[in-house]
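J.: Below is one structure. I have some questions about it.
Protein chains: 6
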Amino acid sequence: MILGRSSWPQAAEFLKDSDSKVVLIPTGSLEQHGPHLPLLTDSLIAEAVAGRVEALRPDTVLLTPTLWLGASEHHMAFSGTVTATDSGYLAALNSVFASLNRHGAWKFLVLNGHGGNEALNELAAREASRQSWLAAAAGWYRFVPDSVWEATLTGRDRMIRHADEAETSVMLHLHPDLVAMEKAVDDGLEIEPPVPGLASGFHQRTTHGVLGRPTLATAEKGAALLEAAVQGAVAAVDALSGPLGFLQPED
Amino acid sequence: MILGRSSWPQAAEFLKDSDSKVVLIPTGSLEQHGPHLPLLTDSLIAEAVAGRVEALRPDTVLLTPTLWLGASEHHMAFSGTVTATDSGYLAALNSVFASLNRHGAWKFLVLNGHGGNEALNELAAREASRQSWLAAAAGWYRFVPDSVWEATLTGRDRMIRHADEAETSVMLHLHPDLVAMEKAVDDGLEIEPPVPGLASGFHQRTTHGVLGRPTLATAEKGAALLEAAVQGAVAAVDALSGPLGFLQPED
Amino acid sequence: MILGRSSWPQAAEFLKDSDSKVVLIPTGSLEQHGPHLPLLTDSLIAEAVAGRVEALRPDTVLLTPTLWLGASEHHMAFSGTVTATDSGYLAALNSVFASLNRHGAWKFLVLNGHGGNEALNELAAREASRQSWLAAAAGWYRFVPDSVWEATLTGRDRMIRHADEAETSVMLHLHPDLVAMEKAVDDGLEIEPPVPGLASGFHQRTTHGVLGRPTLATAEKGAALLEAAVQGAVAAVDALSGPLGFLQPED
Amino acid sequence: MILGRSSWPQAAEFLKDSDSKVVLIPTGSLEQHGPHLPLLTDSLIAEAVAGRVEALRPDTVLLTPTLWLGASEHHMAFSGTVTATDSGYLAALNSVFASLNRHGAWKFLVLNGHGGNEALNELAAREASRQSWLAAAAGWYRFVPDSVWEATLTGRDRMIRHADEAETSVMLHLHPDLVAMEKAVDDGLEIEPPVPGLASGFHQRTTHGVLGRPTLATAEKGAALLEAAVQGAVAAVDALSGPLGFLQPED
Amino acid sequence: MILGRSSWPQAAEFLKDSDSKVVLIPTGSLEQHGPHLPLLTDSLIAEAVAGRVEALRPDTVLLTPTLWLGASEHHMAFSGTVTATDSGYLAALNSVFASLNRHGAWKFLVLNGHGGNEALNELAAREASRQSWLAAAAGWYRFVPDSVWEATLTGRDRMIRHADEAETSVMLHLHPDLVAMEKAVDDGLEIEPPVPGLASGFHQRTTHGVLGRPTLATAEKGAALLEAAVQGAVAAVDALSGPLGFLQPED
Amino acid sequence: MILGRSSWPQAAEFLKDSDSKVVLIPTGSLEQHGPHLPLLTDSLIAEAVAGRVEALRPDTVLLTPTLWLGASEHHMAFSGTVTATDSGYLAALNSVFASLNRHGAWKFLVLNGHGGNEALNELAAREASRQSWLAAAAGWYRFVPDSVWEATLTGRDRMIRHADEAETSVMLHLHPDLVAMEKAVDDGLEIEPPVPGLASGFHQRTTHGVLGRPTLATAEKGAALLEAAVQGAVAAVDALSGPLGFLQPED
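Residue numbers (my numbering), protein chains in the order written: chain A, 1 to 251; chain B, 1 to 251; chain C, 1 to 251; chain D, 1 to 251; chain E, 1 to 251; chain F, 1 to 251.
Listed below in structure tokens is the structure:
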């Protein structure tokens, strides 16, 4: 069920049997994605994956609107980027958890479209876990199997980068009118800094805000990735909505 | 310009002459609107008004995505409602101001769709003013002239209530598929508490979450109200984008 | 009962039957009021109204000391003004609510003297309402009926402005020794900015810190306004202290 | 100068030569003081001392209203007590410092009447020091020389306790109408816990909320203590308002 | 028992009878101690005292690792000093209290080595007391009887200063390899500012970061002080671990 | 240089040429590590690796004391575990960064021993990066090459788990007296939950608090892992202390 399009009696009815329901929360960003992609790219992809998951499991999934205000400080050197503060981002996500829990929901899946949100999503899920709620948070790209990454893209690992072949392909599939392929440039291809876990701004690692090879993108590749992500996320929804045999019971 | 659909070079180009640009930020809620309207009502209306304003002033307005997570604690007794915390709401709005200011923008108009956000929007605008930015925040209903209210609706004042004749009419005009008129009930019509400024939950004042007479709503009334709001908001954008003769200069 | 002058056994006795008691909390400011009024004007007026209400309903009202540290950032361009932070102001007001609730009180009336506090008072009252306490917050001027405003003042609406005919009149009635009428100047009379909800500092809208026509003030007008405000506030106290038929019971 | 009774041009004039001015801020509490003293005792005493200091040094001292909302959690078992949160208390005091510093003031003396505020006053003064302001914070009792304590009271050290011979004496001198000597009881006289720095509530250490022997109090003793405190505080004001030879210059 | 060296089943066993157990938490700093002492001085001393207390009462004391990150803003003009924020320090100490309370512990003794932590330790202990836990916080120097101070040191009072005869002596006893006596200088000996409670940085009161006469230090003096502190702290542990006859029961 | 053992003049001298210095900050935890390892395991390992790195690069590395208070909420079902709050942990780490930056340092390497800290370390490094400091944060295990993991351990990937073969081996090498091998049990070996990014407590996934096969541990394996981690961390220090050719210059 799409929460935003429902009335309160419909929400009440849906959440009566909350043990079998999964709240699905898309998280994204409003941040630069190179000269060829729109600022809302991460949000649009997460929203599209989540929307398809809801369409496939309408009786299980309660889909919220997209949290489009992400943690994008590392992109702020590029115009148009809007970043949440860390605490503001956590407050928003926690508010969705806590509000819907007051209506009975206790299983949550955060479907993320922006790498910069990952640490915060993990903290939010941990906090939810502390409240004895069940919460998982993962980027859509984590639902794509390695085999699909390998079959689809040109020599890269599962780790998604930024405005790259993968993201551009998905956007070509979803919103071709918002992609300016003639402006796509390969960028940020130099060797990684030899220090693990180094924080840096995108202006320090790229020229145009791109990490990867968007010029290789096609709508077909995007369709394949999106489809795989949707299937993976549906499987996660199915696992969460059933009995949780993989966890020991809380006494 | 619609920020979310633009690339960062487009945003950079747009904000070069930031003195004549106005950032337009729709704010709404995800909260109960009676048995006949969807939870996202406030957000959809604010977004529609703002979208029309941008369409009329595309070279002046920088339209952000809608902040749909509003301050709705007083509706939490009705299922499906999601409420921000006060501090989380302020953080989100301040993040939009502050991020875009780092890209040069300094004039902001918050176009609100939810009465419960008003106090917080005022605080955010005050804080922006302290930063020497120019910020105004007003509900779309404040842009509708008294004469239009009187000509359009059935015996009421400019003060909008909740899921009432006015909101339902606008939704019938914008999203008739999301309105279940057969479930509309007039509600909350008793005399107001004889104490000004009394805080209360909607479950204490209504039976169904409605304050007003939605049964009187028509799409025509909604079109008239929406059109008037858009015209009023355009006038505000024009005033903000020009020289600010109505304010004394800051030395 | 005046809380500050009472001992703890007296407070304990008074709050035994807390359903019929109303805590009355005056809120004001320490901020510029033009060249003719003292910085503590808002606090002195709120305190005077509240004091008279307590004197008329000593067995119902528990009067706290005045919270004189208000939200006055928009006056900070004028010397002597002291402003609370928003969060600090809320903390103070919430502390009064929460502390007295631990002693049994649960009905609160915030009697405000400063427009800049209104948004914060509303947030505090909402938070109190969330705690299932009963809280109302209103400026003393809201207790004055329209008919009295019209009969008393020279062509103005109920909306009070700043250091104007109304405030100066009340101060002439209460504290003539603190009013320097020879320094009173009419100020800030230009047309309002054509943008609703625009935040601005008083240095941007006035020359001397005054919004209105204090030169028209008289002690007689002040006495009339004060008397009306006291009567209105007493009526609110009476309503709050009785059975709350105007609210649906919380289950 | 008494800030609250001044206009903004008077404040501006006073703070022109801010190096020789000292802002004097009385801090107190609204907390139980046994069955014989009013809840506002600490605030009334601090206010009285500060008022006399201002009267003796009107051209040096800028006296603010009293911060009566103190840190009184340890008295909350007794009715009527109102306590600030720690962060709320700090916010209030810091707001006074910061606001007046924006008008030029940078020397502050916090004149405290409540032991429970001491740790917080120290933190606030430290924070002020970090801002390169000059801030001192001390209870009025610290300005009374040991010799006066010994000459005045009956066998006790300089350390003031609570609602005891000293406080009751000062209140008999200042506000005899607010003291119910017939209800005064000696209390809390047992040996101290054999653990330094043990936190405890007053309900754990006293029967009636008193620590000491208020039955020994007289107005004469109170007058002597008050006079000594005023003289000591005036000396502190004089030291602060002059050149600060006792500190090394900040480069 | 030393918590950090124990396994969770050992901790569980130890805390079974939590009424007789005292959690011992050393707090210190990482701040300048003149040219002759290491930055970790306060932490090393607190840790040494606490370690000896644990060794004497292994069945009663649960010794945590040392909180070495203290409140040292007033030393920040000297290189190498690291200071906590006030709120960060409180969060750390409260986390230790709250975490161990969830495992059953409710009696806490904070053994402090740094004067700058005292106000914060008091606030933390008060907050613990509010939670109905038993918490005491005191510097190791407060456990040394006046008679030992007088017999050991050269003309000084019980109040410890900084990097002085006392601290240097204790370090000579504990860690002679970390003391550079040839660099010790007497410093900060001028008369105190004639204003009680004045906040200041150490760069404003000393030349080398020393307050006192470290040149008088000897390891023998240090051994005497340390031994006395340990005995005093053991007595406090014994009092806290037994029945609390010195407090009235909480109902 | 070891900061805690240095005096402030030594710190000042060391940080004169801060472009070539790297502050090394070990972070760990005080949390359950099964029945056979001590609660301080993570901290001891991080401290050991960092200590060896400092010993190999004494002129480059400024080693701080270990932040042993980690984010361990997910272990709180096991006694003895102490957890920081997220905000408290961030405050501590940020305080170390910010304090040492005031003394000139601007390159930081956080050497982590506890997986639960990773998200927070990333946030702290990002915030440092926003301040234009250079900050990297990585677990010691990330410095061990895949080839070493494969050559050393029994069928596992680089991802370290908890109290497992790897951690137990390193502890057998470092602190054999603190390891109770007779109590080691293999645990938590069931298949992972089929949902990526699922937050859970260790009591939901293990019986004894162990994730892995500690029974396979040997001191020799531990020595090999530790040595590899030290070498990897030294390489990171060397990269950070030199010219940063791998980053584009900040204009």
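We put the beta carbon where it would ideally sit given N, CA and C, even for glycine.
(1) Just the chain E side, please: which residues come within less than 9 Å of residue 74(D) by C-beta, in chain order?
(2) Can you tell me where the beta strand (DSSP E) with residue 254(F) in it begins and where it stops?
(3) Any residues in the segment 48-71 of chain B with a beta carbon nearer than 9 Å to a beta carbon of chain C? Which ones, in chain order?
(4) Can you check which of these residues, 161(B), 111(B), 116(B) and 146(B), is closest to residue 139(B) by C-alpha distance?
(5) Following the continuous beta strand (DSSP E) through residue 27(E), name the residue where it begins and the one where it ends.
(6) For the segment 86-103 of chain A against the segment 121-140 of chain A, do three or more pairs of beta-carbon atoms, one drawn from each stretch, fall closer than 8 Å, so that the two count as touching?
(7) Considering only the beta carbon of each residue, do residue 64(D) and residue 21(D) sit closer than 9 Å?
(8) Say whether chain E places a C-beta atom closer than 9 Å to the C-beta of residue 81(F).
(9) For a contact defined as C-beta to C-beta under 7 Å, what are the partners of residue 102(E) on chain F?
(10) Beta-carbon separation of residue 197(A) and residue 50(F) under 9 Å?
(11) When Cβ atoms are compared, which residues of the segment 7-23 of chain A fall closer than 9 Å to chain F?
(12) Whole angstroms are fine: how far does the CA of residue 43(E) sit from the CA of residue 91(E)?
(13) Less than 9 Å between the beta carbons of residue 234(E) and residue 3(F), yes or no?
(14) Skipping 5 residues on each side, what residues in its chain have a beta carbon closer than 7 Å to that of residue 201(B)?
(15) Apart from the five residues just before and just after residue 162(A), which ones in its own chain have a Cβ nearer than 6 Å to its Cβ?
(16) If you measure from the beta carbon of residue 42(B) to each beta carbon in chain C, is any gap under 9 Å?
(17) Hey, how far is the Cα of residue 181(B) from the Cα of residue 170(B)?
(18) Between which two residues does the alpha helix (DSSP H) carrying residue 138(A) extend?
(19) Output needed for residue 29(C): all residues of its chain with C-beta closer than 6 Å, excluding positions within five of it in sequence on either side, in chain order.
(20) For residue 33(D) and residue 39(D), I'd like the C-alpha separation in whole angstroms.
(21) In this structure, does DSSP put residue 174(D) in helix, strand or coil?
(22) Assign residue 147(A) to buried or exposed, taking buried as 16 or more other Cβ atoms, counted over all protein chains shown, within 10 Å of its Cβ.
(23) Quick one: grab the DSSP three-state call for residue 212(B).
(24) Here's the rule I'm using: 16 or more other beta-carbon atoms within 10 Å means buried, otherwise exposed. How should residue 55(C) be labelled?
(25) Rounding to the nearest angstrom, what Cα-Cα distance links residue 12(C) and residue 239(C) in this structure?
(26) Rounded to the nearest angstrom, what separates residue 194(A) and residue 176(A) at their Cα positions?
(27) With a threshold of 7 Å on Cβ separation, who are the neighbours of residue 173(E) within its own chain once the five nearest residues in sequence on each side are excluded?
(28) Whole angstroms are fine: how far does the CA of residue 46(E) sit from the CA of residue 160(E)?
(29) Under a CB-based cut-off of 9 Å, is residue 3(B) close to chain C?
(30) Can you tell me whether residue 16(A) is buried or exposed? The criterion is at least 16 other CB atoms within 10 Å of its CB, across all chains shown.
(31) For chain D, check one thing: does any of its Cβ atoms lie closer than 9 Å to the Cβ of residue 143(E)?
(32) Is the Cβ of residue 110(D) closer than 9 Å to any Cβ of chain E?
(33) Taking residue 187(E) as the reference, give the member of 179(E), 204(E) and 199(E) with the closest Cα.
(34) In its own chain, which residues sit with a C-beta less than 7 Å from the C-beta of residue 57(E), not counting the 5 before and 5 after it?
(35) Establish whether the CB of residue 117(A) and some CB of chain B are separated by less than 9 Å.
(36) With DSSP collapsed to three states, give me the class of residue 2(D).
T.: Reading off the structure:
(1) One-based indexing of the fourth sequence puts residue 74(D) at position 74. Within chain E, the residues near residue 74(D) are 126, 129 and 130.
(2) The requested residue 254(F) is not part of the displayed model; chain F covers only 1 to 251.
(3) Within the segment 48-71 of chain B, the residues whose Cβ lies closer than 9 Å to some Cβ of chain C are 71, listed in chain order.
(4) Residue numbering aside, residue 139(B) sits at position 139 when the second sequence is read from its first letter. When C-alpha distances from residue 139(B) are compared across 161(B), 111(B), 116(B) and 146(B), the shortest belongs to 111(B).
(5) Residue mapping note: residue 27(E) aligns to position 27 of the fifth sequence, counting from 1. Note, residue 27(E): beta strand (DSSP E), 22-27.
(6) Contact annotation: the segment 86-103 of chain A touches the segment 121-140 of chain A, with at least three C-beta pairs closer than 8 Å.
(7) If you number the fourth sequence from 1, residue 64(D) lands on position 64. If you number the fourth sequence from 1, residue 21(D) lands on position 21. Not closer than 9 Å, so no.
(8) Locating residue 81(F) in the sixth sequence gives position 81, counting from the first residue. Yes, because at least one Cβ of chain E sits closer than 9 Å to the Cβ of residue 81(F).
(9) Start at 1 with the first residue of the fifth sequence, and residue 102(E) comes out as number 102. Here the neighbours are 76.
(10) If you number the first sequence from 1, residue 197(A) lands on position 197. If you number the sixth sequence from 1, residue 50(F) lands on position 50. Residue 197(A) is not a Cβ neighbour of residue 50(F), given a cutoff of 9 Å.
(11) Listed in sequence order: no entries.
(12) Within the fifth sequence, numbered from 1, the residue matching residue 91(E) stands at position 91. Within the fifth sequence, numbered from 1, the residue matching residue 43(E) stands at position 43. Their Cα atoms are separated by approximately 18 Å.
(13) By 1-based counting over the fifth sequence, the position of residue 234(E) is 234. By 1-based counting over the sixth sequence, the position of residue 3(F) is 3. Contact: no.
(14) Within the second sequence, numbered from 1, the residue matching residue 201(B) stands at position 201. Closer than 7 Å at Cβ, skipping near neighbours: 74 and 77.
(15) Taking the first sequence and counting its residues from 1, the one referred to as residue 162(A) is at position 162. Here the set comprises 211.
(16) Translated into the one-based positions of the second sequence, residue 42(B) becomes position 42. So, not an interface residue.
(17) Here residue 181(B) refers to the residue found at position 181 of the second sequence. Here residue 170(B) refers to the residue found at position 170 of the second sequence. Rounded to the nearest angstrom, the gap between the Cα atoms of residue 181(B) and residue 170(B) is 13 Å.
(18) The residue labelled residue 138(A) in the question sits at position 138 within the first sequence. Premise fails: residue 138(A) lies in the beta strand (DSSP E), 134-139, not in any alpha helix (DSSP H).
(19) As a position in the third sequence, residue 29(C) is number 29, starting the count at 1. Cβ contact annotation for residue 29(C) (same chain, cutoff 6 Å, sequence separation greater than five): 42, 70, 72 and 114, in chain order.
(20) Position 33 of the fourth sequence, counted from the first residue, corresponds to residue 33(D). Position 39 of the fourth sequence, counted from the first residue, corresponds to residue 39(D). Within the model, the alpha-carbon separation for residue 33(D) versus residue 39(D) is close to 6 Å.
(21) Within the fourth sequence, residue 174(D) is the residue found at index 174, counting from 1. When DSSP states are grouped into helix, strand and coil, residue 174(D) belongs to the helix group.
(22) Locating residue 147(A) in the first sequence gives position 147, counting from the first residue. Exposed, because fewer than 16 other Cβ atoms sit within 10 Å of the Cβ of residue 147(A).
(23) By 1-based counting over the second sequence, the position of residue 212(B) is 212. Strand, per DSSP.
(24) Your numbering for residue 55(C) matches position 55 in the third sequence. Within 10 angstroms of the beta-carbon of residue 55(C) lie fewer than 16 other beta-carbons, which makes it exposed.
(25) Here residue 12(C) refers to the residue found at position 12 when the third sequence is read from its first residue. Here residue 239(C) refers to the residue found at position 239 when the third sequence is read from its first residue. Going from the Cα of residue 12(C) to the Cα of residue 239(C) covers about 23 Å.
(26) Along the first sequence, read from residue 1 onward, the residue named residue 194(A) stands at position 194. Along the first sequence, read from residue 1 onward, the residue named residue 176(A) stands at position 176. Taking the straight line from one Cα to the other gives about 37 Å.
(27) Here residue 173(E) refers to the residue found at position 173 of the fifth sequence. Same-chain partners within the cutoff: 219, 222, 223 and 226.
(28) In the fifth sequence, the residue the question calls residue 160(E) occupies position 160. In the fifth sequence, the residue the question calls residue 46(E) occupies position 46. Distance between the alpha carbons of residue 160(E) and residue 46(E) is about 14 Å.
(29) On the second sequence, residue 3(B) is found 3 positions in, with the first residue counted as 1. Not flagged as an interface residue toward chain C: residue 3(B), since no C-beta distance is shorter than 9 Å.
(30) Start at 1 with the first residue of the first sequence, and residue 16(A) comes out as number 16. Classified as exposed, residue 16(A) has fewer than 16 neighbouring CB atoms from the shown chains inside 10 Å of its CB.
(31) Taking the first residue of the fifth sequence as 1, we reach residue 143(E) at position 143. By this cut-off, residue 143(E) is an interface position.
(32) In the fourth sequence, the residue the question calls residue 110(D) occupies position 110. By this cut-off, residue 110(D) is an interface position.
(33) Residue 187(E) sits at position 187 when you count from the first residue of the fifth sequence. Nearest to residue 187(E) by alpha-carbon distance, out of 179(E), 204(E) and 199(E), is 204(E).
(34) The residue you call residue 57(E) lines up with position 57 of the fifth sequence. Apart from the 5 residues on each side of it in sequence, residue 57(E) sits with its Cβ closer than 7 Å to the Cβ of 234 and 237 in its chain, given in chain order.
(35) Counted from its first residue, the first sequence places residue 117(A) at position 117. Contact of residue 117(A) with chain B is not assigned, every C-beta pair being separated by 9 Å or more.
(36) For the purposes of this step, residue 2(D) is taken as the residue at position 2 of the fourth sequence. Residue 2(D) falls in the strand class under three-state DSSP.
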